[in-house]
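Visitor: Going by this note's numbering, 11 is the number at position 4 of the sequence shown; the sequence numbering is gapless. A single structure is presented below for examination.
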Amino acid sequence: MFVYTPAEKRTRRKLVREGSRMALAGLNPEASKERRIDRIDAAAEERGRRELGALHAVRETDRQAVATAKAAMRTAPREDRAAARQRVRDAEQALKRSERAVDKAERQ
Numbered sequence: 008m009f010v011y012t013p014a015e016k017r018t019r020r021k022l023v024r025e026g027s028r029m030a031l032a033g034l035n036p037e038a039s040k041e042r043r044i045d046r047i048d049a050a051a052e053e054r055g056r057r058e059l060g061a062l063h064a065v066r067e068t069d070r071q072a073v074a075t076a077k078a079a080m081r082t083a084p085r086e087d088r089a090a091a092r093q094r095v096r097d098a099e100q101a102l103k104r105s106e107r108a109v110d111k112a113e114r115q
């Protein structure tokens with residue numbers, strides 16, 4: 008997963024465009040431009056790995072919250088069951104959101 012900042016996107020687009028023009032003109036694109044593109048890609052890939060790791064951590068936290076809420080619901084007295092069920096639903100919704108975010112990030 009690559010996560011580019013807006014400035015990196017602009018710079019990378021500019022460098023690729025200049026390299027393409029040079030290649031079309033029959034010239035060898037400068038190695039410095041290729042190295043800059045590689046540095047930008049490496050930074051974006053590292054940023055993507057960190058963000059994906061953070062998303063996985065959030066998902067695990069949400070899974071634990073669902074398990075805790077279900078256990079609390081099962082042990083709740085009768086008058087507190089409705090509130091406990093609502094906490095389970097809220098925890099499950101948060102888990103679904105985090106799972107969707109992880110799935111989306113892994114597809115990129």
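Glycine included, C-beta positions come from ideal geometry on N, C-alpha and C.
One question on the structure: do Leu-102 and Val-73 come within less than 8 Å of each other, judged by their Cβ atoms?
Guide: A contact, by the Cβ cut-off of 8 Å.
Visitor: Ala-83 to Ala-98, Cα distance in whole Å?
Guide: Taking the straight line joining both Cα atoms gives about 16 Å.
Visitor: Under the three-state reduction of DSSP, which class applies to Met-8: helix, strand or coil?
Guide: Three-state result, Met-8: coil.
Visitor: My assumption, with CB atoms under 8 Å, is that Gly-26 sits in contact with Lys-40. Please give the rounded CB distance.
Guide: Yes, they are in contact, since the Cβ atoms of Gly-26 and Lys-40 sit about 5 Å apart, within 8 Å.
Visitor: Any contact between the segment 82 to 96 and the segment 47 to 65? By contact I mean 3 or more CB pairs, one from each, below 8 Å.
Guide: Result no; under three Cβ-Cβ pairs closer than 8 Å.
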